[in-house]
Each structure stands twice: as structure tokens, then as C-alpha cells.
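Residue numbers (mature numbering (1 follows the signal peptide of the UniProt record, and there is no 0)): -24 to -1, 1 to 294.
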Amino acid sequence: MRLSHNNSGIAALLLTLFVSSSNAYEKPGTGDLEPLKYTPGGRISVQCLNRTIDTGEHVQDEKTGILQYIPFATCNETGRPLEVKFLEDGEVNCTISFLSDEMFHLFEFYVHHDSPLACRVPARPLGGERDLEGMSEEEYIPLVFALAGKLEASHMHLATNMNVLFHLTSPTSGVIDSGTAYSTSPMSSDLTRIIIGDSLPLRLKIHWFHTLSPLSARSNGEHATMRLFGYCLLSAFAGGCGAYAFLVGWEFPKRLRRYAFDRRGGGGGAGGAGGIIGNFGNGTGAGGGGGRVGYGYVLGVGGMSDGGGYGYSGKRKD
């Protein structure tokens, strides 16, 4: 089924309008269009500058003259080019299963820094035909991978552990402001030796910063750690307050009352103590002690007083 010429023109117009508004959404309650924003967990694709293996020079599009970007190498773990997730800190493994002769020589350029591994990520979610054509450079953020290693005559050693950092203008902006990537521990002996035909395992540690300055901001994972640490401190403080209230309000007064009761001569049982002053001892066991001063008297066998007054000693006579 074919569309007439007029219908085809209308369809083309509608398609153009749809494409032009596909990278924006309407703000509720207004009629204004607002650019798209990333949401947590959204996938972000990485594209890198295409270069020649002869000189490492960048490749330009023959029609437009614009620098040509291609997707990052396919990762063996996912079967897709390298991607990161918005606001998700963690480690991303990307193993390039086979280093061709061309790719190996490109990595020599990258390590020697004659031609850096210059990549980019979309500042906002892609939407529309013009993004796919790469006509809007302002919507991409440079992401240069500073690879470190040692070049040898027949092989090379690469520091495959890398930090990848991203910055936002604010925690709720949903827009990437800047980014960078670099190898860690390039001087250590734990470098990966590769030759043509080997696989190349890249271990990327992703960190997101909610502000532009890393000195005044913590990464997304550190915020979660600080919240957990705060909860632990709050729980410890609440537990300490509860223990203090129990000891001061219940345990200590109970022990003080028991101690005062014993001092007044209220203790019974075997060998019970008598009164101290002017009271009668209530000890009823064998060998109960009488009062010290006053009228101490004990009912028992072998009871004796150890003070003056009218204390009685010896056995009670029937």
C-alpha cells in the first residue's frame, strides 16, 4: 500500500515534528519543553574517536567533515559496547576478547600518549535523529582515558585497573557535567602483559560526584556509607541512654534500699545480724548476733551479744 504524494508530505512533516521533540518533554502545567534528564540506573553509552593505525590521526566523516566517533569495544561480559549506569558506583569489568593487529597498534598510541583514547558520553539521554548523526556536539561530554603502561619491542604492559569519575552540577540535575578516567598503580609490578591476539581485561571503578568539586563533595557510595555510620552512632547513643536510665532509675535505687535495710538490722537467715541502736535483731538461725547497743536479743542456740546495755549471752534457760 502506497501513500499519495500529499499524504507522504504530511507523514514526513509529522515525523519531523516528532523527531525534533523526542529529546524533550513537556513540563507539567506549562506548555514549555524541557530537555530530558537521566534517571538513576539509566544506561550511558561510551563512544570513542575513530583513528587510523598508521599515524593515529582521527578520522573525519567524508560528507560533513565532523570527527567520527564509534562505540567503545564490545565487552565480553555483556556482549555490548561499554556502558555505565547513571549514579551507580561500583566496578564494571569489560574484557576485550581479541586484540587484533589494528587494535594492538592503537593501544600503543594510547599508552605512548601520541594519540589519547579520547571518548565521550551524552550529557543528557539521547533522543532524536540529530543525536544519532552526531550533529550536536554540545550534548556530549569528553571522557579521555589516560592509559598507563610500558611499551616493549614485541609486547606491552598495561595498567588495566582504572578509575572513572563523573561530576554533576547538583544531585538532582540529571545531567552529566564532566568526566575523566585514568589508570591506577602504573608503576607496580601487577601490570597485564599483552600481545597481538590476547584478550584485554579492563576493570573500571565508577564513581559519581554530586557536585563539581571533589574536595567539597563525596561520591555516591560514600554518602551511603556515611548514612550507615550515622545510623550506627544513633543506635549506640540510644542504647547507652536506655542502659543509663535502667541503672539510675531502677537498679541503683533497688541496691540502695537493700543496703539501707541491711544496715538497719532487717537481715534474717543463718547468722542474722541484730539491731545497731535501739532495735531488736531478728536473726533466728544458729549463732545469731544480738544488738550492739541497746536491747539486742536473739532467739537461737549459742546466741551472744557483742555490746553493752542489756544484752544477754549464753544459752537461753527454759
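All C-beta atoms in this analysis are idealised placements derived from N, C-alpha and C, irrespective of residue type, glycine included.
None of the values given here were measured: they were computed from a predicted structure.
Problem set entry | At least three beta-carbon pairs within less than 8 Å, the region 60 to 70 to the region 78 to 87 | At 8 Å Cβ cutoff, the stretches do not touch.
For this session: Pick helix, strand or coil for E64, following the three-state DSSP scheme.
Result: coil
Exercise. In angstroms, rounded to a whole number, what distance separates the CA positions of G125 and L134?
Worked result: 4 Å
For this session: For V120, I'd like the list of residues in its chain whose CB is within less than 6 Å of its CB, leaving aside the five on either flank, ordered along the chain.
Result: P92, A94
Exercise. So does the region 30 to 40 actually touch the region 149 to 166, counting three or more Cβ pairs closer than 8 Å?
Worked result: No, the region 30 to 40 does not touch the region 149 to 166.
Problem set entry | Which of helix, strand or coil DSSP assigns to S211 | helix
For this session: Kindly provide the ranges of any beta strand (DSSP E) runs that are 3 or more residues long and lie completely inside the region 101 to 180, ordered along the chain.
Result: 116 to 122, 125 to 127, 132 to 134, 137 to 144, 152 to 159, 168 to 170
Exercise. Buried or exposed: Y220, going by 16 or more other Cβ atoms within 10 Å of its Cβ?
Worked result: exposed
For this session: Could you round the C-beta distance between H89 and N139 to whole angstroms and report it? I think they count as a contact, below 8 Å.
Result: That belief does not hold up - the Cβ atoms of H89 and N139 are roughly 18 Å apart, past 8 Å.
Exercise. What residue range is occupied by the uninterrupted alpha helix (DSSP H) comprising R239?
Worked result: That run of the alpha helix (DSSP H) goes 228 to 239.
Problem set entry | Cβ neighbour criterion (16 or more within 10 Å) applied to I253 | Here I253 scores only 39 on pLDDT, less than 50, and its place in the model is too uncertain to base an answer on.
For this session: Answer with buried or exposed for Y235, where buried requires no fewer than 16 other C-beta atoms within 10 angstroms of its C-beta.
Result: exposed
Problem set entry | Where I253 sits in the DSSP three-state scheme | Bear in mind that a pLDDT of 39 at I253, under 50, signals an unreliable position, so the model cannot answer this.
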